[in-house]
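Peer 1: Residue numbering for the sequence shown follows the working numbering, starting at 338 and increasing by one per position.
Here a beta-carbon is modelled for each residue, glycine too, at the ideal position from N, C-alpha and C.
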Amino acid sequence: MRTKHVNVLIALAAFVLFSFSCFCISRMTQTSNQLINCRNHILEFKEKILRLKNKTERNRQELINALSKMKYEMTQRENTSTDLVEKKMNTLGKGETVSNNTFEVLKFFFPHLRKVGRIYPDVIIGKEKTGVSFALGISTVSRGNQSYLKQTLNSVVSRMTLSEEKDSVVIVSVADRNEDYLKSVVDMITKRFKRQLKSGSLEVISIPAFFYPNMLHVKQSTEDSGKLESWRIKQVLDFCFLMLYAQPKAMYYLQLEDDIIAKKMYFTKITDFVHNITSNNWFYIEFSILGFIGKLFKSEDLTDFVRFFLMFYKDKPIDLLLGDIFQVKMCNPGETSEKCAERNKQIRIRYKPSLFQHVGIQSSFPGREQYSKVISMYFQRFWLYLGLLFISINAEFMDDGGEMEDFDENSEEIDVNEGELSSEIKYKTPQPIGEVYFTETFDSGRLAGWVLSKAKKDDTDEEISIYDGRWEIEELKENRIPGDRGLVLKSRAKHHAISATLAKPFIFADKPLIVQYEVNFQDGIDCGGAYIKLLADTDVLNLENFYDKTSYTIMFGPDKCGEDYKLHFIFRHKHPKTGVFEEKHAKPPDVDLKKFFTDRKTHLYTLVMNPDDTFEVLIDQIVVNQGSLLEDVVPPINPPKEIEDPSDKKPDEWDERAKIPDLSAVKPEDWDESEPPQIEDLSAVKPDGWLDDEPKFIPDPNAEKPDDWNEDMDGEWEAPRISNPACQIGCGEWTPPMIDNPKYKGVWRPPMIDNPNYQGIWSPRKIPNPDYFEDDHPFLLTSFRALGLELWSMTSNIYFDNFIICSEKEIADRWAADGWGVKIMIANANEPGVFKQLMVAAEERPWLWLIYLVTAGLPVALIALFCWPRKVKKKYEESEYKKTDICKPQTKGALEQEVKEKKAILEKPVDLGEEKKQSDGESLEKEEEGEPEEKSEEEIEIIEGQEEGNKSNKSGSEDEMKEADESTGSGDGPVKSVRKRRVRKE
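1. For the alpha helix (DSSP H) holding arginine 1182, just list the boundary residues, first then last.
2. Could you round the C-beta distance between proline 1088 and alanine 1002 to whole angstroms and report it? I think they count as a contact, below 8 Å.
3. Kindly identify the DSSP beta-bridge partner or partners of cysteine 577.
4. When you compare the segment 970-984 with the segment 1099-1115, are there three or more beta-carbon pairs, one atom per stretch, that lie closer than 8 Å?
5. Using CA atoms only, rank isn't needed, just tell me which of Glu1048, Ile1142, Phe547 and Val507 is closest to arginine 455.
6. Cβ of valine 970 within 8 Å of Cβ of alanine 923?
7. Identify every residue that forms a DSSP beta bridge with lysine 974.
8. Could you check the C-alpha separation between isoleucine 526 and aspartate 641 for me, to the nearest Å?
9. Kindly say whether isoleucine 607, judged by its beta-carbon, lies nearer than 8 Å to any beta-carbon of chain D.
10. What three-state label does DSSP hand arginine 909 in the structure shown?
11. Looking at valine 954 and isoleucine 851, is the spacing between their C-beta atoms short of 8 Å?
12. May I ask you to report which of helix, strand or coil DSSP gives alanine 837?
13. Short of 6 Å in beta carbon distance, which residues of its chain neighbour glutamine 853, apart from the five on each side in sequence? Order them along the chain.
14. So, at 7 Å on beta carbons, what are the nonlocal neighbours of threonine 489 in its own chain, with the 5 sequence-adjacent residues on each side left out?
15. Within its chain, find whatever has a CB closer than 6 Å to the CB of isoleucine 1090; leave out the 5 residues flanking it on each side and keep chain order.
16. Grouping DSSP H, G and I as helix and E and B as strand, with all else coil, what is arginine 994?
17. Give the straight-line distance between the Cα atoms of leucine 346 and leucine 633, rounded to the nearest whole angstrom.
18. Relative to the C-alpha of arginine 822, which candidate in His612, Gly1156 and Pro1196 has its C-alpha closest?
19. Taking the alpha-carbon of glutamate 809 as reference, which of Phe1203, Asp885 and Leu826 has the nearest alpha-carbon?
20. Starting from arginine 1058, trace the beta strand (DSSP E) in both directions and tell me its first and last residue.
21. For histidine 833, count neighbouring Cβ atoms within 10 angstroms of its own Cβ and tell me buried if that reaches 16, exposed if not.
22. Rounded to whole angstroms, what is the Cα-Cα separation between threonine 605 and methionine 1176?
23. What is the DSSP secondary structure of arginine 817, counted as helix, strand or coil?
24. Using 8 Å as the Cβ pair cut-off and three pairs as the minimum, do the segment 830-844 and the segment 918-934 touch?
25. For the putative contact between glutamate 540 and tyrosine 884, defined by C-beta atoms under 8 Å, what is the C-beta separation to the nearest angstrom?
26. Run through the segment 489-568 for me and flag every whole beta strand (DSSP E) of 3 or more residues, listed as ranges in chain order.
27. From Asp936, Lys931, Asp985 and Leu904, pick the residue whose C-alpha is nearest to that of glutamine 963; which is it?
28. What residues in its chain sit with their C-beta under 8 Å from that of arginine 783, if we drop five residues either side in the sequence?
29. How many Å lie between alanine 1056 and arginine 496 at the Cα?
30. What's the gap between the Cα of arginine 1151 and the Cα of glutamine 768?
31. Can you tell me which of the three DSSP states leucine 627 falls into?
32. Which same chain residues, not among the five before or five after aspartate 860, have their C-beta less than 6 Å away from its C-beta?
33. Within 10 Å of its beta-carbon, does valine 331 have 16 or more other beta-carbons around it, so buried, or fewer, so exposed?
34. Are three or more beta carbon pairs between the segment 497-515 and the segment 580-588 nearer than 8 Å?
35. Excluding sequence positions up to five away, which residues of its chain have a Cβ less than 8 Å from the Cβ of isoleucine 1116?
36. Okay, do the segment 1178-1195 and the segment 886-900 touch, 3+ Cβ pairs below 8 Å being the bar?
Next up, the structure:
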């Protein structure tokens, strides 16, 4: 049976492989046919161009000349000027804001627009920003009940740095005639993206309805093919309008849609990739494989693309037209495909992996859902996970195999090679790429420029008030990189203070402040901090006397004690009237900070303060906290305008009691206040085995004093107390348990009633705040000129590295990439495999073993259930057979003859006298001797009762039963004797 199942599985596998092969061949054939058709279409297009020009075009300039001739003929018929293109280029060269000539190219292809004066969007929200490097266009339409625009904008905008945001503009083009949808988009953007709208980095436009040809207004096809054709035509026109609007704004144009999300640091990757391209002879760059999404163009080429799209917008979707124009530009008639493909590689550039991905399933085409892309994405993830699993398994097997061999002589060499895995990375000390106020890498191995404090803390014992904590310059304990060093806090339970002067003081004016450094809690952290202080630029500042009360402007960094994990951002704001400084604390981050203190990895902490009074706090280049200096700090910057009058006092007759006792109420006569609430249970009995002289708790005999116990700091050590194991029944003096007293009533009090003289809660009157002020620009803090670390920690080996203070985010990002980026890359490369991580997790949480077993056993159980199903039918047959054992013989001969004689049983006469002899000797003797008549009658009655009970289960006739009796050859003696009597009865 098992062999049969194996054969079935083999056949099934062969069928699947054959089907997959056929599918691949069909897809290859289909793709080949499509390529041939596309090639033929391109050749036809080339012939049309050749007929128009009457000569062979071999490059892009000749194609533009042909288009110029067509435009000239059309302008002659309409008596328009022939130098529109020259005027347009002159206008763009002057840098004017989106001139009317930008859209004049539309009039050459749409006659209905020639009577329109100025072509321009209906609605514009934004600053109409120009002169930037990148313009990002997002075309949006209504998708019914679904909308992904907010998610798209969050992804696109939030993953830009402030400097990248200033050098770009995101244009949202509403290409929908539904006014409600336009209003919803405008409301959403004005509420969610106020800062971007205010800075001009985000704009919203609406395409005018008169822009579309009459065919889109009139054509209302009920067929799906007609609707799809109209939708494709409109999509091409929407993209063309958006590209023309964005052309004069930036050097490059990036096409996006309203249902995508961008990867982290996508904009940085795009800018770096574009700037690193050595040749300017590129056509466009693909940052995504999804249709027209993620395509980057030079703004100077957009008009040429739009002209081509408008020539054939009725024929194909825009992504296919993009491929056609590429072929026309690069491939010459009669040229081999190899030469064309070689030239394509030089011009067509693809960035891998894709930086954009679709979200949601609702397409912009009404009623269509794009499951295929989502499913393909899931399959990509599935194969990715499967590949990672395969690599992890191989890594585990290789590790196990390595451990099986014992190389005693080379064991030291093996340890060195494993420990210096990161030596393959060539470390280079980070260098700032622009103006900075302070940098420090510690790679020189010296504390040049740093000053150790000699001060003492106030209000502290003499022994611990000295700042005598030790600092060292060392490499990381784990994932070290040769040549990379950092500042390490080495002492436990001591005060540490060290500081350094900036290259020049930072003055808060019109430039942002960016502070960034790295921290690694190499031994974890029990209680301690790793924050920095930016010391105020005062006349009394002396770094040798740096201590906890030294005036500072900003305090920033991680801090932890117990289970309280913090990321401080505190600045000291000066009261303009009183001159008193007050600490302002930023709201706590919304993320879980625990992992940054416990994973023993190097983390990058960044603070960004902007002149527009906003701030951002980042960990590992991810924003964890952001807000406004005016609104998101405690206490607020500006005090209240009115305060309570301290001289105002509550009148003596003021009654604040809402309820008062009812003076007319009388205590009942039977109210007994002397009864206690609980009494002893008189029925309780002292348990046997109760030990009166044994204590309930004893010192733990297995406890040992910790190695880090300091009796001067922690006091005399005492073993923890545990429950006395001898007191399982009970120890100490036994007393009866207490029970509720049924007679208890308590002290009687009169009921409460509403106070007729109630006047409410009194509060003092409000008066103008004499210290009120209004600071609309809290960014203008006190300047600072030094950076210091003043710390106390119960854990040593806290690692600091790569400090930088600057005003440009690009400088800080490059500094982070050259320092922290290398560290994190090494740490990720040295992380254990998936299986090792699972084992480590199971050691900490043993209950995970059960989940592992269930997860591993479930596929095995399903396979076993599929290959070896339960034999239900066989059991059913056996049960049926057993039900009829009493009326059917259990001989092999009868079973073999049953099928052959089934048809002849009814025709065959039954001879009751030809019964076969019984094989049981005792039965024969009983028959010869004869049995009492009463006994046989009782047996007959029993059998008849059984026959009546099983009447519904019988399938044969009485003749068949007799025939079966005649064919009985062997079997159970008593059964046959009973059957013999039954036959005689019948």
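Peer 2: The structure says:
1. Premise fails: arginine 1182 is in no alpha helix (DSSP H) and is neither H nor E.
2. 6 Å
3. None, per the DSSP bridge assignment.
4. yes
5. Phe547
6. yes
7. Residue identity check: residue 974 is isoleucine in the sequence provided, not lysine. DSSP lists no partner for isoleucine 974.
8. 32 Å
9. In the structure shown, chain D does not exist; there is a single protein chain.
10. strand
11. no
12. strand
13. Thr943, Ile1141 and Ala1149
14. Ile475, Asp595, Asp596, Ile597 and Ile598
15. Asp999
16. coil
17. 50 Å
18. Gly1156
19. Leu826
20. 1058-1060
21. buried
22. 38 Å
23. coil
24. no
25. About 52 Å; that fails the 8 Å criterion.
26. 505-511 and 539-543
27. Leu904
28. Ile810
29. 54 Å
30. 9 Å
31. coil
32. Thr1132 and Asn1134
33. This structure gives no information on residue 331, because the portion of the chain shown stretches from 338 to 1323.
34. yes
35. Sequence inspection shows phenylalanine at residue 1116; the isoleucine mentioned does not correspond to that position. Counting only Cβ-Cβ distances below 8 Å, and skipping sequence neighbours, we find Phe845, Met946, Asn947, Pro948, Asp949, Asp950 and Leu966.
36. no
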